[in-house]
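Contents: one structure, followed by commentary.
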Amino acid sequence: MIVNNRVFCLEDDVKSSAFPGEITVLRSLSRRSYHGHCRLLLERRGTTIIRQVNDAFCDDGYGRELLSSDLFVNNWSKVAMREGMVQHERAGPSIPNTVLGYLHSDTVHALPYYCPSILSKWAARPRHWPPPEAVQRVVSLGAVLTPVGFKGSEYQHVEWRVCFNAGETELISNLNDTQTKLYVLLKMIKNDVLHPRKKEVSSYTLKNIVLWMAENNPQASFLRATILYDSRKEFDGNLWTGWGTATHMDINDYRYAQ
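Everything in the sequence shown is counted per the numbering used here, starting at 242 for the first residue and increasing by one.
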């Protein structure tokens with residue numbers, strides 16, 4: 242993931258005056274967007290704005306400029322490739338490529354998102370886990386916006402997804418041994434037993450189930466002797482009840498649900 246630090250996205254009530262004039266400032270609009278997504282309204286165009294950003298603005302129908310996630314990815318996909326690099330068809334927010342015929346990678350261009358209100362609400366809620374020092378590290382890692390809208394949304398082409406990748410990595414590193422094994426076991430069940438054809442049952446979903454379990458249960462309740470029971474309980478309680486907890490746990494749902 243490549244984060245453009247010449248652009249800053251701000252949630253409501255965050256003043257833009259603190260940012261220098263060369264920085265482009267965008268304001269997030271969550272109204273009429275699906276949970277975990279927002280639209281980006283241009284508040285101030287910076288003096289050093291790059292072409293891939295500047296050429297991605299579109300009119301919202303009211304004379305205001307929105308940053309289109311779709312145009313943003315398309316603009317980056319037009320950048321000339323280095324010698325020996327082959328670019329493949331766009332995959333959502335990602336631009337896949339191959340170097341020298343065997344080195345494969347996926348590039349996602351993202352924007353920094355300053356959202357102290359969302360992070361402070363998550364940090365303040367009662368929990369069994371993670372410990373306070375880990376909570377503060379997660380808050381300090383912040384958030385980014387990736388250029389992908391909610392599938393089927395009327396505003397999909399101008400929506401951005403709120404992501405906390407660095408914070409999630411910190412949370413996973415704080416799981417105890419049994420919780421980590423539970424996560425691995427759930428993935429094995431998904432891949433080797435369920436063979437799901439729907440994306441709702443994904444490794445991402447399973448990860449969030451484990452994070453919910455860790456937060457809402459005392460650490461002493463996670464025992465090796467009960468790991469099979471815990472995995473069965475999570476599948477029965479969360480995956481077989483329609484949407485249930487599994488689809489409620491998008492990236493914002495685990496960490497920032499009230």
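Ideal placement from N, C-alpha and C gives every residue a C-beta, glycine not left out.
Values in this document were obtained by computation on a predicted structure and should not be read as measured data.
Just to check my reading of the structure: residue i and residue j have Cβ atoms closer than 8 angstroms, yes? What is that Cβ distance to the nearest angstrom?
i, j, result
"Trp370", "Ala455", "5 angstroms"
"Val389", "Pro334", "4 angstroms"
"Pro353", "Val244", "6 angstroms"
"His278", "Glu400", "5 angstroms"
Enumerate in chain order the residues of its own chain whose CB-to-CB distance from residue i is below 6 angstroms, with the five nearest sequence positions on each side excluded.
i, result
"Gln499", "Residue placement at Gln499 cannot be trusted, given a pLDDT of 41 that sits under 50; the coordinates are not used to answer."
"Gly287", "Glu263, Ile264 and Thr265"
"Ala375", "Asn415"
"Thr482", "Residue placement at Thr482 cannot be trusted, given a pLDDT of 37 that sits under 50; what the coordinates show is reported in the next sentence. So no residue of the chain qualifies."
"Leu312", "Ala297"
"Glu324", "none"
Which same chain residues, not among the five before or five after residue i, have their C-beta less than 7 angstroms away from its C-beta?
i, result
"Ser257", "Leu251, Val266, Glu284 and Arg285"
"Ala259", "none"
"Pro261", "none"
"Ser271", "Cys279"
"His346", "It should be noted that the sequence gives Ser, not His, for residue 346. The answer, listed in chain order, is Asn338."
"Arg368", "Glu456"
"Leu341", "Gly325"
"Leu412", "Pro371, Val379 and Leu452"
"Thr289", "Arg247 and Glu263"
"Leu507", "With the chain covering 242 to 499 only, the question about residue 507 has no answer from this structure."
Answer yes or no: do residue i and residue j have a C-beta to C-beta separation smaller than 8 angstroms?
i, j, result
"Met242", "Ala351", "yes"
"Tyr424", "Ser274", "no"
"Tyr355", "Val248", "no"
"Ala321", "Leu308", "no"
"Asn432", "Phe463", "no"
"Thr387", "Arg366", "no"
"Arg331", "Val314", "yes"
"Val327", "Thr339", "yes"
"His398", "Ser269", "no"
For the alpha helix (DSSP H) that residue i lies in, which residues bound it at each end?
i, result
"Ile413", "Asn406 to Ser414"
"Phe313", "Ser310 to Ser318"
"Glu456", "Ser444 to Asn457"
"Ala259", "Note, Ala259: premise wrong, no alpha helix (DSSP H); not H, not E."
"Val248", "Counting along the chain, Val248 falls outside any alpha helix (DSSP H), though it belongs to the beta strand (DSSP E) covering Val248 to Leu251."
"Val425", "Asp418 to Ile430"
"Gln397", "No alpha helix (DSSP H) holds Gln397; DSSP gives it neither H nor E."
Got a sec, what are the start and stop residues for the beta strand (DSSP E) residue i sits in?
i, result
"Ala351", "Leu344 to Tyr355"
"Met326", "Met326 to Gln328"
"Asn338", "Ser335 to Val340"
"Thr265", "Thr265 to Leu270"
"Asp300", "Phe298 to Asp300"
"Arg285", "His278 to Arg285"
"Thr387", "Ala384 to Thr387"
Going by beta carbon distance, what residues of the same chain come within less than 8 angstroms of residue i, once the five residues before and after it are set aside?
i, result
"Lys306", "Looking at the sequence provided, one finds Glu at residue 306 rather than Lys. So the qualifying residues of the chain are Leu282, Leu283, Phe298, Cys299 and Asp300."
"Gln377", "Ala364"
"Ser444", "Lys428 and Lys431"
"Pro357", "Glu252 and Val255"
"Asn246", "Pro353"
"Tyr343", "none"
"Ser361", "Val380"
Using a C-beta cutoff of 8 angstroms, does residue i count as contacting chain C?
i, result
"Lys319", "Judged by its chain identifiers, the structure shown contains no chain C, having just a single protein chain."
Could you check whether the Cβ of residue i sits closer than 7 angstroms to any heavy atom belonging to the ligand MN?
i, result
"Lys362", "The ligand MN is not among the ligands present in this structure, which contains no ligands whatsoever."
Could you say if the segment 379–390 and the segment 405–421 meet the contact criterion of at least three C-beta pairs nearer than 8 angstroms? The segment 379–390 vs the segment 405–421: in contact.
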